[in-house]
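The working numbering puts the last residue of the sequence shown at 398; the count rises by one with no breaks. We put the beta carbon where it would ideally sit given N, CA and C, even for glycine. This structure is a prediction, so every number in the text was calculated from the model and none was measured. Down below is the structure, laid out as structure tokens.
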Amino acid sequence: GQWVWAFLREIGIGVLLGTTMGLASWVLGLYKGGYQIAMIVSISMVAIVMISSLIGIVLPLILQRLRVDPAVASNPLIASVMDILGLLIYFFVAALVLRDL
């Protein structure tokens with residue numbers, strides 16, 4: 298029902314925001330550091346934004362099932378999870394791009 302519409306809307310917003318941030322990161326990375334830096338930063342940015350959108354959708358639903366108030370617990374938990382995942386994604390992408398050096 299309603300959660301499907303919210304899910305699709307958030308995915309659309311995540312794709313749009315991820316693409317915009319990825320393009321901005323690409324331009325800045327290309328200007329400041331070169332092709333490889335631009336690729337690492339832009340791919341990481343797209344992945345981080347899209348994954349954070351998914352977590353932002355799924356986590357409140359899980360918390361609601363666990364009978365925890367999603368309004369109270371979601372923001373700190375999403376921020377902490379995304380800090381860790383953001384670094385892991387960045388290092389993973391960097392390792393993939395730079396492995397042939």
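Which of helix, strand or coil does DSSP assign to residue i?
i	result
S309	According to the sequence provided, residue 309 is Gly. The question's Ser does not apply to it. G309: helix per DSSP, three-state reduction.
D380	helix
R396	coil
L363	coil
G330	coil
G298	coil
State the CB to CB distance for the pair residue i and residue j, rounded to an integer number of angstroms; the pair is presumed to be in contact (CB under 8 Å).
i	j	result
V346	G315	4 Å
S322	V338	5 Å
M342	M318	5 Å
Starting from the C-beta of residue i, find all residues in its chain whose C-beta is less than 6 Å away, skip the five residues before and the five after it, and write them out in chain order.
i	result
P367	P357, L360 and Q361
M336	V394
Suppose contacts are defined by Cβ-Cβ distances below 7 Å. Is residue i in contact with residue j by that definition?
i	j	result
G429	I375	Shown here, the chain extends from 298 to 398; a query on residue 429 therefore has no answer.
V390	I340	yes
I386	A344	yes
V394	Q333	yes
Only counting the same chain, and skipping five residues up and downstream in sequence, which positions put a Cβ closer than 8 Å to that of residue i?
i	result
F304	I354
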